[in-house]
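A.B. asks: Numbered according to the working numbering, the sequence shown spans residues -17 to 390.
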Amino acid sequence: MELAAVGQGARAFLYMERYVIEGAKTYSPLASRTEAAVRYQPENEAPSFGLVTVCAPRDRVSLFQADPVPGLLRHFVRPEGVLFPVHPATWRNDAAEGIEDIRALPPSTPIQVAPTASTRTVLALEQLQGVPDHYIKLHYPVRISRFNRELRLKNIHNSVAVCSDLAHVLFDSFAYLPDSLGVALGAGGRAWGFLVREARARPFVAGRFLIPCFALYAGDLKHPESPPLLVQMIARLGVDPVPFVIDRVLGPIVACWATVARERGILLESHAQNTLIEVDRDMVPRRVVHRDLDVWIDPGARRRAGLAMPFLGRGMAADTDEEVQGHYSLVYDQFLGHHFFDYVLVILKGYYGADEELVRARVREIFRRFFPDADRLFPAGTMFKFRNGAPPDSKATLEDMRQAPGWR
Ligand SMILES: Nc1ncnc2c1ncn2[C@@H]1O[C@H](COP(=O)(O)OP(=O)(O)OP(=O)(O)O)[C@@H](O)[C@H]1O
Ligand SMILES: [Mg+2]
């Protein structure tokens, strides 16, 4: 793909989400594994598929809101009931909890969508007048990479609560895609539903375009000869590669992550699928846009900052300092460092002969500047990662790698 195409908007964006991903899912033995049917995987050829929708009575749903744009709220919450989309694979899945009840609700018009890189979050394609562009994040209870992709009431509640909370983060390079509306059918812990994610970043700045971070370094499945977008960007802007990547990409990602973690106790999972680089019309990176707000919260950090815990569940559910440290390390050292920065490093070394130690040292400096008290929260001299072979869905089963952290 040509970098200039980024300025064409939605079509180019979807192309990156689906096809500029070659070689990006190698960060763990489970990263490229998926139980989603081929036709629903992002890399497949079909331009779209239809979500099944039903009209759910208002008194049977739990509704969560973080200041959704009125056009979207009106689109989903209608006088006759709530528009409730279901992934077609989930609709056909007799094992999906409560699916018979949902099938019995009055049908509504299907929604044509295209998958994004996460598979279970899809872009709504045909917008009715007055309905702003949006994504729908769905309950898709099959294993995609490491986890079973359920979307339970707790995930929905917490995503929307985090969305509200992030409105308090005022940091130049920070923005997010708001999961501003959530619906679960029923009210119990097993209830599941969907999230509506606005396509417009908050805070909004006009004349900007998004590049999913993995597309900066991944190959283009349909045009293997295309140089990575990051390489095209460096050439187009005529910049010195290492300072550019530190100042415009890695540095802002570390600064945003540390600021949100320290100020709000929210551990954004800023890996390359959950972060997007916002560029201006000249393709100059301006901000980091974050998505996927179903993340760990550190209750200790919230308490110290004098903030409430409007989230369901036990936050990080860590009882000991060691467990807290394991979580911080997993998110920063693995999700940002290993799943993302390591790939950028490969480009910097391979294309420009960059000095690996110098790149790491610059990032470490930025990390220390934005997280001066990190020693209290991170394990000294080692990193934690998911234990491979651990029981599925046990998000907290971590193992000490006994290896020095390379990015802090
Ligand atoms: N470079 C990448 N790094 C991490 N995950 C990736 C990458 N490319 C694709 N993915 C896919 O994206 C998903 C990441 O999981 P994660 O929990 O962040 O997302 P999600 O909650 O399913 O959806 P969303 O990010 O849309 O809210 C996985 O399905 C994984 O296979
Ligand atoms: Mg994600």
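Here a beta-carbon is modelled for each residue, glycine too, at the ideal position from N, C-alpha and C.
Note down, in chain order, each residue of its chain lying with its Cβ closer than 7 Å to the Cβ of Phe352, except the 5 sequence neighbours on either side.
C.D. replies: Indexing the sequence shown from 1 puts residue 352 at position 370. Val236, Ala237, Ala240, Thr241.
A.B. asks: By Cβ distance, which residues of its chain are closer than 6 Å to His253, with the 5 residues on each side in sequence left out?
C.D. replies: Start at 1 with the first residue of the sequence shown, and residue 253 comes out as number 271. Closer than 6 Å at the Cβ level, and outside the excluded window around His253, lie Phe317, His321, Phe322.
A.B. asks: Going by Cα to Cα distance, which pick from Asn75, Ile118, Val113 is closest to Pro52?
C.D. replies: If you number the sequence shown from 1, residue 52 lands on position 70. Closest option to Pro52, judged by alpha-carbon separation, among Asn75, Ile118, Val113: Val113.
A.B. asks: To the nearest angstrom, how far is the alpha carbon of Pro234 from that of Arg244?
C.D. replies: To locate residue 234, count along the sequence shown from 1; it is residue 252. To locate residue 244, count along the sequence shown from 1; it is residue 262. Going by the C-alpha atoms only, they are around 15 Å apart.
A.B. asks: Taking C-beta to C-beta, are Asn140 and Phe293 nearer than 9 Å?
C.D. replies: For the purposes of this step, residue 140 is taken as residue 158 along the sequence shown, with counting starting at 1. For the purposes of this step, residue 293 is taken as residue 311 along the sequence shown, with counting starting at 1. Judged by their CB atoms, Asn140 and Phe293 are nearer to each other than the 9 Å cut-off.
A.B. asks: Going by beta carbon distance, what residues of the same chain come within less than 8 Å of Gly396, once the five residues before and after it are set aside?
C.D. replies: Outside the shown range of the chain (-17 to 390) lies residue 396, about which nothing can therefore be said.
A.B. asks: Contact check, Val231 vs Pro267 under 8 Å by CB: the rounded distance?
C.D. replies: The residue given as residue 231 occupies position 249 in the sequence shown. The residue given as residue 267 occupies position 285 in the sequence shown. Indeed, because the Cβ distance is near 6 Å, the residues count as touching under 8 Å.
A.B. asks: My guess is that Ala48 and Val187 are in contact by the Cβ rule of under 8 Å, so how many angstroms apart are they, rounded?
C.D. replies: In the sequence shown, the residue the question calls residue 48 occupies position 66. In the sequence shown, the residue the question calls residue 187 occupies position 205. So it is not a contact: roughly 19 Å between Cβ atoms.
A.B. asks: According to the Cβ coordinates, are Gly308 and Gly247 closer than 9 Å?
C.D. replies: Looking up residue 308 in the sequence shown gives position 326. Looking up residue 247 in the sequence shown gives position 265. Result no, Cβ atoms of Gly308 and Gly247 do not sit closer than 9 Å.
A.B. asks: Does the region -1 to 12 come close enough to the region 53 to 72 that 3 or more CB-CB pairs lie under 8 Å?
C.D. replies: When C-beta atoms of the region 53 to 72 are compared with those of the region -1 to 12, fewer than three pairs fall below 8 Å, so the two segments do not count as touching.
A.B. asks: Would Arg284 be called buried (16 or more neighbouring beta carbons within 10 Å of its own) or exposed?
C.D. replies: Position 302 of the sequence shown, counting from 1, holds the residue named residue 284. Classification for Arg284: buried.
A.B. asks: How should Pro39 be labelled, buried or exposed, when 16 other C-beta atoms within 10 angstroms of its C-beta is the threshold for buried?
C.D. replies: Translated into the one-based positions of the sequence shown, residue 39 becomes position 57. With fewer than 16 Cβ atoms within 10 Å of its Cβ, Pro39 is classed as exposed.
A.B. asks: Taking Phe196 as part of the alpha helix (DSSP H), name the residues at either end of that continuous run.
C.D. replies: Here the question's residue 196 lines up with position 214 in the sequence shown. Its alpha helix (DSSP H) spans residues 196 to 199.
A.B. asks: Looking only at DSSP bridge pairs, what is His272 linked to?
C.D. replies: Here residue 272 refers to the residue found at position 290 when the sequence shown is read from its first residue. Bridge partners of His272: Tyr158, Thr257.
A.B. asks: If you reduce the DSSP assignment to three classes, tell me which class Tyr122 lands in.
C.D. replies: By 1-based counting over the sequence shown, the position of residue 122 is 140. Of the three classes helix, strand and coil, the one that applies to Tyr122 here is strand, per DSSP.
A.B. asks: Contact defined as beta carbons within less than 8 Å: I believe Thr103 pairs with Arg179. What is the distance between those atoms, to the nearest angstrom?
C.D. replies: Counted from its first residue, the sequence shown places residue 103 at position 121. Counted from its first residue, the sequence shown places residue 179 at position 197. The Cβ separation is near 7 Å, so the contact holds.
A.B. asks: Using C-beta distances below 7 Å, list every residue in its chain close to Glu338, excluding the 5 sequence neighbours before and after it, in chain order.
C.D. replies: Position 356 of the sequence shown, counted from the first residue, corresponds to residue 338. Within the same chain, Cβ atoms closer than 7 Å to the Cβ of Glu338 are found at Leu327, Lys331, the five residues on either side in sequence being excluded.
A.B. asks: Nearest to Phe196 by CA position, among Leu211, Lys204, His205, is which residue?
C.D. replies: Position 214 of the sequence shown holds residue 196. Nearest option by C-alpha distance: Leu211.
A.B. asks: Which residues bound the beta strand (DSSP E) around Glu381?
C.D. replies: As a working note, residue 381 is residue 399 in the sequence shown. Segment 380 to 382, the beta strand (DSSP E) holding Glu381.
A.B. asks: Could you work out which residue in Val277, Glu79, Val227, Glu381 is closest to Glu251 when comparing CA atoms only?
C.D. replies: Taking the first residue of the sequence shown as position 1, residue 251 is located at position 269. The residue from Val277, Glu79, Val227, Glu381 with its alpha-carbon nearest to that of Glu251 is Val277.
A.B. asks: Could you check the C-alpha separation between Gly319 and Leu87 for me, to the nearest Å?
C.D. replies: Within the sequence shown, residue 319 is the residue found at index 337, counting from 1. Within the sequence shown, residue 87 is the residue found at index 105, counting from 1. Roughly 46 Å between the two C-alpha positions.
A.B. asks: Which same chain residues end up closer than 8 Å to Val95 when comparing Cβ atoms and leaving out the 5 residues on each side of it in sequence?
C.D. replies: Position 113 of the sequence shown holds residue 95. Ser30, Phe31, Gly32, Leu33, Val104, Leu105, Ala106, Leu107, Ile118, listed in sequence order.
A.B. asks: Smallest Cα separation from Tyr325: which of Gly(-9), Trp389, Asp301?
C.D. replies: Position 343 of the sequence shown holds residue 325. Closest option to Tyr325, Cα to Cα, is Trp389.
A.B. asks: Taking all protein chains shown into account, decide if His57 is buried (16 or more other Cβ within 10 angstroms of its Cβ) or exposed.
C.D. replies: Along the sequence shown, read from residue 1 onward, the residue named residue 57 stands at position 75. Buried: at least 16 other Cβ atoms inside 10 Å.
A.B. asks: Quick check on the contact list: which residues have their beta carbon closer than 7 Å to a heavy atom of ligand 2?
C.D. replies: The chain-ordered list of residues whose CB is nearer than 7 Å to some heavy atom of ligand 2 reads Ser100, Glu251, Gln255, Asn256, Arg273, Asp274.
A.B. asks: Is the beta carbon of Leu159 less than 9 Å from the beta carbon of Arg0?
C.D. replies: Sequence index remark: in the sequence shown, residue 159 carries index 177 (1-based). Sequence index remark: in the sequence shown, residue 0 carries index 18 (1-based). No; because the gap between Cβ atoms is not below 9 Å, this pair is not in contact.
A.B. asks: How is the alpha helix (DSSP H) around Glu(-1) delimited, first residue to last?
C.D. replies: On the sequence shown, position 17 is the one that residue -1 refers to. -8 to 1 is the extent of the alpha helix (DSSP H) around Glu(-1).
A.B. asks: Shorter than 8 Å, the distance from the beta carbon of Thr103 to the closest heavy atom of ligand 1, or not?
C.D. replies: Working through the sequence shown from its first residue, we reach residue 103 at position 121. Thr103: yes, Cβ under 8 Å from ligand 1.
A.B. asks: What are the start and end residues of the alpha helix (DSSP H) that includes Asp141?
C.D. replies: If you number the sequence shown from 1, residue 141 lands on position 159. Residue 141 is actually Ser in this sequence, not Asp. Looking at the DSSP string, the run of the alpha helix (DSSP H) that includes Ser141 is 135 to 148.
A.B. asks: Between Ser44 and Ser155, what straight-line distance do the alpha-carbon atoms span, to the nearest angstrom?
C.D. replies: The residue labelled residue 44 in the question sits at position 62 within the sequence shown. The residue labelled residue 155 in the question sits at position 173 within the sequence shown. Taking the straight line joining both Cα atoms gives about 34 Å.
A.B. asks: Taking its Cβ as the centre, do 16 or more other Cβ atoms sit within 10 Å of His150, making it buried, or is it exposed?
C.D. replies: Stepping through the sequence shown from its first residue, residue 150 is reached at position 168. By the 10 Å Cβ count, His150 comes out exposed.
A.B. asks: Rank Asn130, His116, Leu110, Pro89 by C-alpha distance to the C-alpha of Ala78 and give the top, closest one.
C.D. replies: The residue you call residue 78 lines up with position 96 of the sequence shown. Checking every option, the nearest Cα to that of Ala78 belongs to Asn130.
A.B. asks: What is the C-beta distance between Leu380 and Phe368, in whole angstroms, given that I count them as a contact (C-beta under 8 Å)?
C.D. replies: Your numbering for residue 380 matches position 398 in the sequence shown. Your numbering for residue 368 matches position 386 in the sequence shown. The C-beta separation of Leu380 from Phe368 comes to about 6 Å, placing the pair in contact by the 8 Å criterion.
A.B. asks: According to DSSP, is Glu25 helix, strand or coil?
C.D. replies: The residue you call residue 25 lines up with position 43 of the sequence shown. Three-state DSSP puts Glu25 in coil, outside helix and strand.
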